[in-house]
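Accompanying notes for the structure given below.
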Amino acid sequence: MEITENSRYGSDQRERVINPELFGLISGGLMIDTIIWEDRQKTNHQEAASCVHILDQTKLPLETVYLECTHWEQVADAISRMCIRGAPAIGVAAAMGVALGAQGSKAEDFSELSKELEVICQGLSKTRPTAVNLFWALDKMRRAAESMGNLTIAQIKERLRDKAVQMWQEDIDICRRIGKHGADLIPEGASILTHCNAGALATAGYGTALGVVRAAHSQGKNIRVYADETRPFLQGARLTAWELHQEGIPVTLITDNMAGHFMSRGKISVIVVGADRIAANGDVANKIGTYTVAVLARENGIPFYVAAPRSTLDLSLSSGADIPIEERDPNEVTHFHGYPIAPAGVVAAHPAFDVTPARYVTAIITEDGISRPPYNESLAK
Ligand code: MRU
Numbered sequence: 003m004e005i006t007e008n009s010r011y012g013s014d015q016r017e018r019v020i021n022p023e024l025f026g027l028i029s030g031g032l033m034i035d036t037i038i039w040e041d042r043q044k045t046n047h048q049e050a051a052s053c054v055h056i057l058d059q060t061k062l063p064l065e066t067v068y069l070e071c072t073h074w075e076q077v078a079d080a081i082s083r084m085c086i087r088g089a090p091a092i093g094v095a096a097a098m099g100v101a102l103g104a105q106g107s108k109a110e111d112f113s114e115l116s117k118e119l120e121v122i123c124q125g126l127s128k129t130r131p132t133a134v135n136l137f138w139a140l141d142k143m144r145r146a147a148e149s150m151g152n153l154t155i156a157q158i159k160e161r162l163r164d165k166a167v168q169m170w171q172e173d174i175d176i177c178r179r180i181g182k183h184g185a186d187l188i189p190e191g192a193s194i195l196t197h198c199n200a201g202a203l204a205t206a207g208y209g210t211a212l213g214v215v216r217a218a219h220s221q222g223k224n225i226r227v228y229a230d231e232t233r234p235f236l237q238g239a240r241l242t243a244w245e246l247h248q249e250g251i252p253v254t255l256i257t258d259n260m261a262g263h264f265m266s267r268g269k270i271s272v273i274v275v276g277a278d279r280i281a282a283n284g285d286v287a288n289k290i291g292t293y294t295v296a297v298l299a300r301e302n303g304i305p306f307y308v309a310a311p312r313s314t315l316d317l318s319l320s321s322g323a324d325i326p327i328e329e330r331d332p333n334e335v336t337h338f339h340g341y342p343i344a345p346a347g348v349v350a351a352h353p354a355f356d357v358t359p360a361r362y363v364t365a366i367i368t369e370d371g372i373s374r375p376p377y378n379e380s381l382a383k
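The opening residue of the sequence shown carries number 3 in this note's numbering; numbering runs sequentially from there.
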C-alpha cells in the first residue's frame, strides 16, 4: 500500500497523509473525504484489522493529515478532540467506531459480544453531548446488533461494518437532497451568511448548509458566501473558507462581530446554518454565536434558514431549554494553538453551542423538504 507517511507519529494513534484514490478504500471519491473506512486483510506485513481514517480538522487548513484509527477508543478520542466534528460527521464516526470495536472483539458468543458493544457505545456516547446525531447513530448500531442473535460472531462483525458504511453513504445522499431543497430558497445573486462549518467536513461529504450553497452554485446561480470566522475554534475561517475556496465558490471571510454591520448595510440576502439538535418546537442548538446571528437577521429582515438531516431532530425534547450544551475547556478561549491570547490566570467561559428560539427560524430544510412554523406540526409530520 503506497502511503506517504507523515513524520508525526503519535504514541497510540498514527497519523498519515493519504490519497484515498490510490487505494481500494471506501471513500466517497468526493473532493473532501472527512472519514474513510478501510478493510484490511491479514498479510505478511500486517494483522487483519480494519481501519478508520479521519481527516484531522484541527490541523486544517495548514496540513491535510489523516488519523489512522484501528481501535474504537481512538475514534472516541478523535471526536472528543474535534479532529472530526459537525453533527452528521460525529454520527458517522461513532457508527464506524462501533463497527471497529466489534471487529477487534475476541468475544466467543453473542452475549459476550453484546456486553462489549455496550461498553463501546457507552464510551463513544461520552465524547460530545450536544449533537444528537451521535446518540442517534449509536442507537442504530445497538439496535442492529440486537437483531443479530441468530448470526455467527464473524457475520455480526461483517454486518455491523456494512451498517456503518451504509450510514456513511446515506449521509452523503441525504446532504445532496437537503442541498436540492434548499437551493430553491437561494435567489440569483444571493449573498449567503453562514456560521461555523456545516459543510463537507461536518458530514460524510457535501454538507448541509454548505450543501445548499453547493447546490445553488452548481445550478449556475451567481452567489457569494460570507463566512463568520466562528470564535473560538475558528471553524468558519479554517474550514468553511477552506472548503469553499478549494471549490472555487466565492467566499468572504469576516470576523463574528462584523455580521451585524454587513446585514445592516444590505450586504447579506439570506442566512443558512446547520444544527446540532432541533427540539420538537423548532428551537435550534448550533454553534455558539448562531443565536446572535438569528436575532440580527430578524432585526434586518433577512431570512434565517437551518439545514439539517432528520437525524438532527430530537422530537423527545419539547423545547431547546432541555438541550444539553457542551462546556469545553476555557483554554480554547484563552489560547490559540497553544499560544496565549489573554492574560495568564484570567477566567474564561466556553459554552460550545447556543439555542436559537424557533421564532427566529424562517424555515428548516431537511432531506424531506422545507418545514415552516408552527414547527410542532411541520416537524412532527
Ligand atoms: O463544535 P462543532 O464544530 O462540532 O460544531 C459544529 C456545528 O455547530 C455545525 O453547525 C453543526 O454540527 C451542523 S454540521 C452539518
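C-beta atoms are modelled at their ideal positions from N, C-alpha and C, and glycine is treated no differently.
Exercise. May I ask which residues mark the beginning and end of the alpha helix (DSSP H) holding I92?
Key: Where I92 is concerned, the enclosing alpha helix (DSSP H) stretches over 89–105.
### Query
Which same chain residues, not among the five before or five after H183, have their C-beta less than 7 angstroms away from its C-beta?
I367, G371, I372
Query raised in the report: Helix, strand or coil: which one does DSSP assign to Y208?
Result: coil
Margin query: If distances are taken between C-alpha atoms only, which option among H197, A277, P375 comes closest to P234?
Written below: H197
Suppose contacts are defined by Cβ-Cβ distances below 7 angstroms. Is Y307 in contact with T364 by that definition? yes
Handout entry: Near the ligand MRU: D278 beta-carbon under 6 angstroms from a heavy atom
Key = yes
Practice task
Please list, in chain order, all residues of the same chain as A147 whose beta carbon is under 6 angstroms from its beta carbon, the five residues on each side excluded.
Solution key: L119
Inside the region 267–301 only - alpha helix (DSSP H) runs reaching at least 4 residues = 292–301
TODO: On a CA-only basis, which of D164, I256, R179 is nearest D230? Give me that one, please.
DONE: I256
Subject >> Every unbroken beta strand (DSSP E) within the region 61–89, with a cutoff of 3 residues, ordered by chain >> reply: 68–71
Buried or exposed: which applies to A91, given that a residue is buried once 16 or more other Cβ atoms fall within 10 Å of its Cβ? buried
- prompt: With a Cβ-Cβ cutoff of 7 angstroms, do I270 and S193 count as a contact?
  reply: yes
To which residues does DSSP link I38 through a beta bridge? Partner(s): H55.
Let me confirm a value: L381 is counted as buried when at least 16 other C-beta atoms fall within 10 Å, else exposed. Which label applies? Its Cβ being crowded by 16 or more others within 10 Å, L381 is buried.
My understanding is that L1 touches A78, with C-beta atoms under 8 angstroms, so please give their C-beta distance in whole angstroms. No answer is possible for residue 1: the residues shown for the chain start at 3 and end at 383.
Review point. With burial defined as no fewer than 16 other Cβ atoms inside 10 Å of the residue's Cβ, what is the status of S52: buried or exposed?
Key: buried
* To do: Taking the CB atoms as reference points, tell me whether W138 and L102 lie closer together than 7 angstroms.
  => no
Original post:
Which parts of the region 198–267 are runs of the beta strand (DSSP E), unbroken and 3 residues or longer, counting only runs that do not cross its ends?
Top reply: For the region 198–267, the full-length beta strand (DSSP E) segments reaching 3 residues or more read 226–230, 253–256 along the chain.
For the alpha helix (DSSP H) that L115 lies in, which residues bound it at each end? 112–127
Other residues of its chain near W170: CB distance less than 6 angstroms, five sequence neighbours each side excluded:
V94, A206
- L203 to A96 span [Cα, whole Å]: Rounded to the nearest angstrom, the two C-alpha atoms are 15 angstroms apart.
Would you say the beta carbon of G88 is closer than 6 angstroms to some non-hydrogen atom of the ligand ZN? Ligands present in the displayed structure are limited to the ligand MRU, and the ligand ZN is not among them.
Helix, strand or coil at V134 [DSSP, three-state]: helix
Query raised in the report: Expressed to the nearest angstrom, what Euclidean distance is found between the alpha-carbon atoms of D58 and D35?
Result: 11 angstroms
**Q.** Any non-hydrogen atom of the ligand MRU closer than 6 angstroms to T210 Cβ
**A.** yes
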